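Here the protein sequences line up with chains A and B, keeping their order.
1 is the number of the first residue of the first sequence in the working numbering; add one for each residue after it.
1001 is the number of the first residue of the second sequence in the working numbering; add one for each residue after it.
Glycine included, each C-beta is placed from N, C-alpha and C at the ideal position.
Fair warning: this is a prediction, and the values are worked out from it, not measured in the lab.
Protein chains: 2
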Amino acid sequence: MSRPRASHQDATPLKCEEPNRQAVISDGWQSNGYNPTVDAITPSPLGPPCDPPYTAVIFTSVRTHDDHGYQEASDRMFALAALQRGYLGVESARDPDSGLGITVSYWVDADCALAWKAVTEHARVQNQGRELWYREYVVRVATVERHYGM
Amino acid sequence: MSRPRASHQDATPLKCEEPNRQAVISDGWQSNGYNPTVDAITPSPLGPPCDPPYTAVIFTSVRTHDDHGYQEASDRMFALAALQRGYLGVESARDPDSGLGITVSYWVDADCALAWKAVTEHARVQNQGRELWYREYVVRVATVERHYGM
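So this is what it looks like as structure tokens:
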């Protein structure tokens, strides 16, 4: 799957499409009305091969020291997000020293991102996150207007 | 400096302003025509206390194994960015296992972000990055339309 390729100029035009879905659906995942024939994984560590405009949800957080259930829930949310309609990809990194984490998920449009926020299982995990795992977070919903890469 | 505070609803209105500048200018920094009386540091790990819309530049990268000069250049670029007109803040994290890093810088508008890209010293470091430090990267310029936090 090709990437944006333009070091100094505007982005190389690329067609916006949902990623190939290659994994196997696990029991208990909720598809929020979307019924993929196969499961979904992020196709690249560097987000969607997609023409702007598309939507980026920037989730920046500082963790607490409570790890109870965190990793399992996090893994599950990545997998569940990838099942949603309009999902394009995700990038995530956490600095082990500062505890600061940034996860950016990409969506065809803001409506798809908003629908993911409202998925029941996701909403439950968001509540757990506020109660247990995050000391502070900010969510920003943004429209990507151009991109370029190497 | 207050943060966005709204767990379930839209963002609490906050005035968009450049951060307080609290450090001391180091020799050799280039101010790109902007002449702050004091230097600049990021006021919070979670970005700008600012009403949308504002601009987010999402820089996602995968590092090479070449560390020569990287940390010094990186530190310098954070400090230099914070001197630029329209700078609002920055968030950055790198996963030590995957090597994936995400840096999101926030600007009053896209023109300010673009001006930072063109700063001579920054452009030189961007070239070094392409040649030495990054195996792959994507830059996305996005308009933040809403935000909320805890």
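- Boundaries of the alpha helix (DSSP H) harbouring histidine 1122 of chain B: 1120–1128, taken from the DSSP string.
- Judged by DSSP secondary structure, serine 1098 of chain B falls outside any beta strand (DSSP E); it is assigned neither H nor E.
- Spatial neighbours of histidine 122 of chain A in its own chain (CB-CB distance under 8 Å, excluding positions within 5 residues in sequence) are listed in chain order as Met77, Leu80, Ala81, Trp116.
- In the structure shown, the three-state DSSP call for alanine 142 of chain A is strand.
- No Cβ of chain B is located within less than 8 Å of the beta carbon of tyrosine 87 of chain A.
- Within the stretch 1069–1099 of chain B, the residues whose Cβ lies closer than 8 Å to some Cβ of chain A are Glu1091, Ser1092, Ala1093, Arg1094, Asp1095, Pro1096, Ser1098, listed in chain order.
- DSSP places arginine 135 of chain A in the strand class (E or B) of the three-state scheme.
- Residue burial annotation: threonine 1060 of chain B is buried, with at least 16 other C-beta atoms found within 10 angstroms of its C-beta.
- Taking each of A:Asp75, A:Gln84, A:Asp67 in turn and checking the Cα distance to threonine 120 of chain A, the smallest one comes out for A:Gln84.
- In this structure, the CA atom of alanine 142 of chain A is about 15 Å from the CA atom of glutamate 1091 of chain B.
- Our two residues, tyrosine 70 of chain A and glycine 86 of chain A, have alpha carbons roughly 26 Å apart in a direct line.
- Contact of valine 1138 of chain B with chain A is assigned, a C-beta pair being separated by under 8 Å.
- Between histidine 147 of chain A and chain B, the shortest Cβ-Cβ separation is below 8 Å.
- Cβ proximity to chain A below 7 Å picks out Leu1100, Gly1101, Ile1102, Val1104 from the stretch 1099–1123 of chain B.
- Under the DSSP assignment, arginine 1076 of chain B falls outside any beta strand (DSSP E), being part of the alpha helix (DSSP H) whose first and last residues are 1070–1081.
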